[in-house]
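Trainee:
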Amino acid sequence: MSRGQPNIAIAHWPGMGLFGEADHDRLRALGRLLNTEPIGAWDDEANAVLAEAEVIVGHWGCPPLDAAMLDRAPRLGLFAYAAGTVKMTLTDAVWDRGIRVTSGANANAEPVAEFTLAAILFANKGVLWRRGRADFSAMSAMGDRQWGNYGRTIGIIGASLIGRRVIELLRPFPHLTVTLSDPYVTPEEAASLGVDKLELDELCAGADVLSIHAPALPETMHLIGANQLAALPDGATVINTARGPLIDHEALTPHLASGRLYAILDVTDPEPLPEDSPLLEMANVWISPHLAGSQGTELARMTDYVIDEIRRWSAGEYALNEVTKERLATMA
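This is the structure we're talking about:
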């Protein structure tokens with residue numbers, strides 16, 4: 117059933133410039149844009165917009181959609197989130213009112229997967245650890261069998277949107293073996309992805325690179341702990357672009373301090389690390405400031421996604437990435 121041109125509101129942290137004027141024009145082409153200055157709080161000033169909004173376009177910093185807010189938005193039918201996780205934004209009141217929820221997590225998965233691919237290839241070559249000018253000592257290290265992207269095994273933890281995209285991006289590298297650990301994936305489904313499904317400890321024991329893409333759930337906290345880290349081969353690299361607490365940092369630190377393992381951490385626990393964290397001084401640890409996800413030009417991909425979701429809802433079509441209460445339980 118077509119819904120015509122809906123009233124559209126924007127809600128996210130003020131001052132971030134997440135949507136430009138061209139984006140506003142594209143939203144206006146879909147319906148009536150109620151505001152261009154984003155709503156950062158459901159205060160009294162938001163009442164007039166909420167009373168008319170049929171679609172709320174959320175982004176980072178969108179305040180939670182609780183019952184009190186939804187009582188002031190009786191016409192709301194679609195919450196289209198232009199970023200990744202919606203867990204901090206949704207409440208049961210959303211499901212009680214039958215509001216469609218969509219997420220741009222598919223779009224946000226792409227830059228994280230690209231970052232991960234680069235990290236895997238760089239890790240295997242030792243690029244991040246072997247810096248400096250070329251000289252005879254560097255040339256003599258060329259025969260060191262510790263390095264290289266031939267005959268390596270990449271262990272993927274979690275067949276999430278990002279995990280699956282990383283698997284796809286690794287397909288053009290036939291001399292890299294990819295294994296997967298995910299309790300929700302059957303061996304048959306893993307085979308369809310082109311990977312072998314292994315139990316977590318077995319996967320760790322054979323992984324030259326361990327890349328983490330599991331959601332942050334109570335049962336996944338410290339998923340990579342002392343046993344898993346001890347199982348990793350000497351010289352293995354741990355890559356985390358998911359959530360910091362998925363790794364037990366206390367268990368990880370001795371392996372890094374000894375030089376037995378390497379780590380590329382885009383997320384940490386805590387985040388940010390305290391200034392006196394030993395990880396910040398280790399030459400075999402690369403820490404980036406949670407930048408693997410969308411930023412800069414990549415925000416446009418999420419905007420494209422959310423605009424298509426609004427068009428689909430208005431036209432009575434299926435969503436690209438609908439979030440349901442059932443799906444939310446196992447999503448990042």
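For what it's worth, the numbering used here labels the leading residue of the sequence shown as 117, then goes sequentially. Ideal placement from N, C-alpha and C gives every residue a C-beta, glycine not left out. None of these values were measured; they are calculated from a predicted model.
Hey, out of D141, P130, A138 and V171, whose CA is closest to A157's CA?
Mentor: With distances taken between Cα atoms, A157 lies closest to P130.
Trainee: Are at least three pairs of beta-carbons, each pair with one atom in the segment 263-283 and one in the segment 410-421, less than 8 Å apart?
Mentor: No, the segment 263-283 does not touch the segment 410-421.
Trainee: Within the continuous alpha helix (DSSP H) that includes W429, where are the two ends?
Mentor: Where W429 is concerned, the enclosing alpha helix (DSSP H) stretches over L415 to S430.
Trainee: I'd like to confirm the pairing. Which residues does DSSP put opposite S297 in its beta bridges?
Mentor: Beta-bridge pairing links S297 to I273.
Trainee: For a minimum of 4 consecutive residues, which ranges assigned as the alpha helix (DSSP H) are wholly contained in the segment 126-152?
Mentor: Entirely contained in the segment 126-152, the alpha helix (DSSP H) runs reaching 4 residues are, in chain order, 137-146.
Trainee: Name the DSSP bridge partner or partners of A196?
Mentor: Bridge partners of A196: V173 and T218.
Trainee: Just the C-alpha distance for I60 and W245, rounded to the nearest angstrom, thanks.
Mentor: Residue 60 is absent from the structure shown; the chain starts at 117 and stops at 448.
Trainee: Measure the alpha-carbon distance for E230 versus G360 and round it to whole angstroms.
Mentor: Approximately 19 Å between the Cα atoms of the pair.
Trainee: For V202, write down the residues that DSSP places opposite it in a beta bridge.
Mentor: Paired residues: none, contrary to the question.
Trainee: So the beta strand (DSSP E) W402 belongs to, where does it begin and stop?
Mentor: Note, W402: beta strand (DSSP E), V401 to I403.
Trainee: For A445, count neighbouring Cβ atoms within 10 angstroms of its own Cβ and tell me buried if that reaches 16, exposed if not.
Mentor: Label assigned to A445: exposed.
Trainee: Kindly give me the distance between the Cβ atoms of G200 and A379, rounded to whole angstroms, as I take these residues to be in contact under 8 Å.
Mentor: Contact flag wrong, Cβ pair sits at about 23 Å.
Trainee: Could you compute how far the alpha carbon of A225 sits from the alpha carbon of G259?
Mentor: Near 36 Å, if we compare the C-alpha coordinates of G259 and A225.
Trainee: Determine the direct distance from the alpha carbon of R280 to that of L314, and round the result to whole angstroms.
Mentor: Each residue's alpha carbon lies about 15 Å from the other.
Trainee: Which residue comes first and which comes last in the beta strand (DSSP E) that contains L381?
Mentor: Start and end: Y378 to L381.
Trainee: Find the nearest neighbour of I126 within the set L194, P394 and H329, judged by alpha-carbon distance.
Mentor: Per the Cα distances, L194.
Trainee: With DSSP as the reference, identify every bridge partner of K313, one or two as the case may be.
Mentor: Beta-bridge pairing links K313 to L296.
Trainee: Are G310 and H291 touching if we call contact CB-CB under 8 Å?
Mentor: Contact flag unset, no.
Trainee: For V228, which three-state DSSP category applies?
Mentor: Residue state, collapsed to three classes: helix.
Trainee: For the alpha helix (DSSP H) that L444 lies in, which residues bound it at each end?
Mentor: It spans K441 to L444 - the alpha helix (DSSP H) in which L444 sits, taken as one unbroken run.
Trainee: Let me confirm a value: N220 is counted as buried when at least 16 other C-beta atoms fall within 10 Å, else exposed. Which label applies?
Mentor: In the sequence under discussion, the amino acid at residue 220 is Gly, which differs from the Asn named in the question. Counting Cβ neighbours within 10 Å, G220 comes out buried, since at least 16 surround it.
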